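Student: Numbering (my numbering), first residue to last: 11 to 178.
Even for Gly, the Cβ is constructed at its ideal location relative to N, Cα and C.
Quick caveat: nothing in here was measured; it's all calculated off a predicted structure.
#1: Helix, strand or coil: how does DSSP classify residue 85 here?
#2: Return helix, strand or coil for residue 127, following the three-state DSSP convention.
#3: Can you tell me whether residue 159 is helix, strand or coil according to DSSP?
#4: Check whether the Cβ atoms of residue 117 and residue 138 sit closer than 8 Å, and answer yes or no.
#5: Quick one: Cα of residue 42 to Cα of residue 88, how far?
#6: Looking only at its own chain, which residues have a Cβ that is under 7 Å from the Cβ of residue 95, when we skip the five neighbours before and after it?
#7: Quick check: the Cα distance between residue 62 and residue 68, rounded to an integer number of angstroms?
#8: Hey, is the segment 124-137 in contact with the segment 12-21, meaning 3+ C-beta pairs nearer than 8 Å?
#9: Nearest to residue 98 by alpha carbon, out of 119, 73, 157?
#10: How should residue 159 be labelled, buried or exposed, when 16 other C-beta atoms within 10 angstroms of its C-beta is the threshold for buried?
#11: Could you pull the start and end residues of the alpha helix (DSSP H) that residue 106 belongs to?
#12: Taking residue 42 as part of the alpha helix (DSSP H), name the residues at either end of that continuous run.
#13: Just how far apart, CA to CA, sit residue 39 and residue 164?
#14: What three-state label does DSSP hand residue 122 in the structure shown?
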């Protein structure tokens with residue numbers, strides 16, 4: 011079966027690409043998401059949770075900005091210039107993966123008090139939670155389209171059909 015560049019990136023150079031491009035960003039983002047829930051439901055306590063949340067947000071944003079710049083230079087620009095995209099699913103998967111830089115850097119900037127200075131604590135929590143939600147959406151869209159056979163959205167038959175199994 012043909013693979014999107016997203017899936018190919020994660021599949022080659024095992025386990026390093028999987029760790030660098032998926033595990034580290036997802037673990038940091040999930041740390042932010044989980045601690046965010048506890049912070050939102052228990053606003054009085056949890057200084058350690060707030061520190062973990064803030065640290066994961068800053069590290070995640072800075073780290074993913076590096077991933078974004080690296081992949082833009084080493085993959086997106088060369089693939090675009092050479093016309094080697096594997097169809098719409100490929101572009102959607104890579105595009106949404108890289109779009110994760112917007113909410114992750116936004117979170118980092120908020121945690122560094124570079125943006126949102128005029129917001130009160132509640133306003134900052136809402137903006138932070140919004141960045142988390144946006145990241146979760148773009149990351150899942152990237153994963154879904156990244157796992158597709160890129161030929162499916164091009165109208166061409168897949169290179170290998172999966173056998174159909176009955177429910178019985």
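Tutor: In this structure, then:
#1: Mapped onto the chain shown, residue 85 falls at position 75. Residue 85 falls in the helix class under three-state DSSP.
#2: Numbered from its first residue, the chain shown carries residue 127 at position 117. The answer is coil: DSSP assigns residue 127 none of H, G, I, E or B.
#3: Against the chain shown, residue 159 aligns to sequence position 149. Residue state, collapsed to three classes: coil.
#4: Reading the chain shown from its first residue, position 107 is the one you call residue 117. Reading the chain shown from its first residue, position 128 is the one you call residue 138. Yes; because the gap between Cβ atoms is below 8 Å, this pair is in contact.
#5: The residue given as residue 42 occupies position 32 in the chain shown. The residue given as residue 88 occupies position 78 in the chain shown. Residue 42 and residue 88: Cα-Cα distance of roughly 33 Å.
#6: In the chain shown, counting from the first residue as 1, residue 95 sits at position 85. The residues are 89, 101.
#7: Numbered from 1 along the chain shown, position 52 holds the residue referred to as residue 62. Numbered from 1 along the chain shown, position 58 holds the residue referred to as residue 68. Their backbone Cα atoms lie some 10 Å apart in a straight line.
#8: no
#9: Position 88 of the chain shown, counted from the start, is the residue given in the question as residue 98. Taking only the C-alpha atoms, the option nearest residue 98 is 157.
#10: Locating residue 159 in the chain shown gives position 149, where the first residue counts as 1. Buried.
#11: Taking the first residue of the chain shown as 1, we reach residue 106 at position 96. Start and end: 98-109.
#12: Numbered from 1 along the chain shown, position 32 holds the residue referred to as residue 42. Residues 34-51.
#13: Mapped onto the chain shown, residue 39 falls at position 29. Mapped onto the chain shown, residue 164 falls at position 154. Going from the Cα of residue 39 to the Cα of residue 164 covers about 32 Å.
#14: Along the chain shown, read from residue 1 onward, the residue named residue 122 stands at position 112. In this structure, residue 122 counts as coil in the three-state DSSP scheme.
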